[in-house]
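Below: the structure, in structure tokens.
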Amino acid sequence: MSFISNASNFTLGEGVYNNIQGNLVNIAVHKAFYGRKRHREEIEDGAELLALGEPLRKRRRREDGIKVIRKKHLKVTGEIGSGPGYLLHFGETKGKAIIVKVFNAGPTVREQLESTVALLKGLIHPNVLQIEGVSSRAELTQFIIYEHAYWKMAEGPLATALKEDLTRSITLGFKMIAGLSSGMNYLGLQGISLAPLGAENFDIFLDIDDRFLISINPRISTETEVAEDQEPEDNLNRAWNVFNAVCQKVLKSANLALHNENIERDPVALEPQASVSQHPLGPSVPVSAPTVESSSAQIISDSAEISVPPRREYVWRTIDRGQQSLATVARRIALEIDMKLTSSVNKLAWTDARSAHRCAGYVREEITLATTSVDSAVISHDAPSPLEICSICREVVGFHEQFRCICGALDPGSRPTVKCVVCKFWSHSDCVGNPKEFTCEPCLPPPASGRVFLQHRCPVLTGLDHRVSSPINLPAMEEEQTRRLREAETDSDDHSWYSDSIEHYSHAQEPSSTDRELIEHQPAH
1 MSFISNASNF TLGEGVYNNI QGNLVNIAVH KAFYGRKRHR EEIEDGAELL
51 ALGEPLRKRR RREDGIKVIR KKHLKVTGEI GSGPGYLLHF GETKGKAIIV
101 KVFNAGPTVR EQLESTVALL KGLIHPNVLQ IEGVSSRAEL TQFIIYEHAY
151 WKMAEGPLAT ALKEDLTRSI TLGFKMIAGL SSGMNYLGLQ GISLAPLGAE
201 NFDIFLDIDD RFLISINPRI STETEVAEDQ EPEDNLNRAW NVFNAVCQKV
251 LKSANLALHN ENIERDPVAL EPQASVSQHP LGPSVPVSAP TVESSSAQII
301 SDSAEISVPP RREYVWRTID RGQQSLATVA RRIALEIDMK LTSSVNKLAW
351 TDARSAHRCA GYVREEITLA TTSVDSAVIS HDAPSPLEIC SICREVVGFH
401 EQFRCICGAL DPGSRPTVKC VVCKFWSHSD CVGNPKEFTC EPCLPPPASG
451 RVFLQHRCPV LTGLDHRVSS PINLPAMEEE QTRRLREAET DSDDHSWYSD
501 SIEHYSHAQE PSSTDRELIE HQPAH
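Here it is, written out as structure tokens:
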């Protein structure tokens, strides 16, 4: 129809209406947000509302459940974080602490604000952040006022827990699982579909009582909206995926806040393996190293003196939903927290036998969390990973660091290693007799006498428990061996010179008086 004359008490459906005349009262516009099954009735500011004074418009807003707050009554005291199209601040209004979401200027800023309010107003749940007020349309800066939550966003307290205490880190991690699963389950019960949302649409806060709070930032675009006629099972699976993505996002943000490194970690499989040993959860101490020969006692003693605390990180393990739901996860984890069962998660020791960078005293505790305590664990690693800053030597671990030791082993195993200051290859600390730094034999300049001195305390080769220096006479092989020594720095794969030197060393006879004199005057390395 082209016009409506003197009409009242009717509801407009979908369509385009032009040249509407007369006095229209109680125009009800029904709009669904992101597949929401229930409709929120929005009262538009039509001709009647515009004719009202400001006090009456405020009262109308209060009756609709949202209070209008003027910017002059708002004081912003600090920035918390940001999201797509907005900033988050600490603030206060009339002496009350609040969180302020300030939207960036743009053509859709008011639509973004109203979409958020329409989605969340009237919700009451301990794990959903409550909206307390909004800016008026007349304000140049559009904002939403939320109840106050303690500290910053949730990654702040989580990062602090990682730094200070293992048990606190575990407990707070499980409280996050319980709170987020409970809050997201409530949103689903209220008809809010999580299916079209992603982790980037959620901000997670924490209050002083360790209560995790969810804030949703709905998308304006409808390109990724999910049809409302999907099967319930599909919606449950999508909600499960969103929950896992949000948990992973928060935990990775905590790691980034503490270590300033964004390293992707794959959770360690908990199936029994030869390289994994299980220990009950106890004080945060390095897992005992494998038994080594007595000649390495000094190395172990030196390692024990290194008082560097373990590096801690969160790792999220996503498991299939199976028969689980967000409701069952929330109830089960909350019960385990009340019964203090979450502190009994397994603690495992994990060794990467091929990692060349193995500074003595290094420990990384990965707090691996999942929707069940059975699938959660604390994994203690004894070697840093690539791109990580080693907590012992403070160097960034490379992807292609290589191991080359006088003992001839191809892999370092579980023993500590030390890096040559010249060629940057790693050797067993107990093989070279120095747990901190050394220069390997190939990088030493050839002695003027034409003799090569192997200096080591390697228990694998000799079984000796003290430093040995033995000259190897090279009358016929001097030129060839010297060439090999000079090329060893660039030829990382050729270990034949080691075999030659080891063989000659093993069959060396008692040194002559001349050789003894050379040994006594040789500088220690």
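The sequence shown lines up with residues 1 to 525 when you count with UniProt numbering. Don't be surprised by glycine CBs; every beta carbon is placed ideally from N, CA and C.
{"Item": "Can you tell me which of the three DSSP states Y362 falls into?", "Value": "coil"}
{"Item": "The beta strand (DSSP E) spanning I216 covers which residue range?", "Value": "F212 to I216"}
{"Item": "Taking the alpha carbon of R131 as the point to measure from, which residue in I69, K152 and A138 has its own alpha carbon closest?", "Value": "Going by the sequence as given, residue 131 is Ile instead of Arg. Among I69, K152 and A138, the Cα nearest to that of I131 is on I69."}
{"Item": "Below 8 Å, how does it come out for the region 370 to 388 and the region 325 to 345: are there three or more Cβ pairs, yes or no?", "Value": "yes"}
{"Item": "Under the three-state reduction of DSSP, which class applies to V374: helix, strand or coil?", "Value": "coil"}
{"Item": "Considering just the uninterrupted stretch of the beta strand (DSSP E) at L87, what are its terminal residues?", "Value": "Y86 to T93"}
{"Item": "From which residue to which residue does the beta strand (DSSP E) around R312 run?", "Value": "R311 to W316"}
{"Item": "Assuming G95 and L88 make a contact with CB atoms under 8 Å, what is their CB distance in whole Å?", "Value": "Their Cβ separation, rounded to whole angstroms, is 21 Å, which puts G95 and L88 out of contact at 8 Å."}
{"Item": "In angstroms with no decimal places, state the Cα-to-Cα distance between Q402 and S427.", "Value": "9 Å"}
{"Item": "In whole angstroms, what separates the C-alpha of L326 from that of V128?", "Value": "15 Å"}
{"Item": "My understanding is that V242 touches L189, with C-beta atoms under 8 Å, so please give their C-beta distance in whole angstroms.", "Value": "That belief does not hold up - the Cβ atoms of V242 and L189 are roughly 15 Å apart, past 8 Å."}
{"Item": "Taking the Cβ atom as the reference point for each residue, do A254 and E366 lie within a distance shorter than 8 Å?", "Value": "no"}
{"Item": "Are the CB atoms of A353 and S182 within a distance shorter than 8 Å?", "Value": "no"}
{"Item": "If contacts are defined as beta-carbon pairs under 8 Å, then I333 and F174 qualify, I think. What distance do you get, rounded to the angstrom?", "Value": "6 Å"}
{"Item": "What's the C-alpha gap between L50 and L74?", "Value": "Residue confidence is low: L50 scores 42 on pLDDT, short of 50, so the model does not pin down where it sits. No coordinate-derived value is stated."}
{"Item": "Which full runs of the beta strand (DSSP E) of 3+ residues lie inside the region 399 to 446, going along the chain?", "Value": "417 to 419 and 426 to 428"}
{"Item": "Determine the direct distance from the alpha carbon of K163 to that of S414, and round the result to whole angstroms.", "Value": "26 Å"}
{"Item": "Classify F103 as helix, strand or coil using the three-state DSSP reduction.", "Value": "strand"}
{"Item": "What is the residue span of the alpha helix (DSSP H) that residue 541 lies within?", "Value": "In the structure displayed, the chain extends from 1 to 525; residue 541 sits before or after that span and is not available."}
{"Item": "For a quick check, are the C-beta atoms of E437 and V421 less than 8 Å apart?", "Value": "yes"}
{"Item": "Can you give the Cα-Cα distance for A199 and K249, rounded to whole angstroms?", "Value": "7 Å"}
{"Item": "Less than 8 Å between the beta carbons of A356 and T439, yes or no?", "Value": "no"}
{"Item": "Go ahead and pull the three-state DSSP assignment for A269.", "Value": "coil"}
{"Item": "How big is the Cα-Cα spacing for H125 and D209?", "Value": "15 Å"}
{"Item": "T77 by DSSP, collapsed to three states: which one?", "Value": "strand"}
{"Item": "Could you tell me if V134 is buried or exposed, where buried requires 16 or more neighbouring beta carbons within 10 angstroms of its beta carbon?", "Value": "buried"}
{"Item": "The beta strand (DSSP E) spanning D320 covers which residue range?", "Value": "Run containing D320: none; DSSP gives neither H nor E here."}
{"Item": "Can you find the residues in the same chain that come closer than 6 Å, C-beta to C-beta, to R404, ignoring five residues on each side of it along the sequence?", "Value": "F425"}
{"Item": "Measure from the alpha carbon of W316 to the alpha carbon of each residue in I192, T372 and Q112, then state which is nearest.", "Value": "T372"}
{"Item": "Per DSSP, what kind of secondary structure is H125 in: helix, strand or coil?", "Value": "coil"}
{"Item": "For L123, which residues in the same chain have their Cβ closer than 8 Å to its Cβ, ignoring the five residues on either side in sequence?", "Value": "Q130, Y186, L187 and Q190"}
{"Item": "Classify K347 as helix, strand or coil using the three-state DSSP reduction.", "Value": "strand"}
{"Item": "Do you know how far the Cα of T318 is from the Cα of A269?", "Value": "12 Å"}
{"Item": "Among D234, E336 and R211, which one has its Cα closest to the Cα of P196?", "Value": "D234"}
{"Item": "Kindly indicate which three-state DSSP category G198 falls into: helix, strand or coil?", "Value": "coil"}
{"Item": "Ignore the nearest five residues each way along the sequence and tell me which others in K419's own chain have a CB closer than 6 Å to its CB.", "Value": "W426"}
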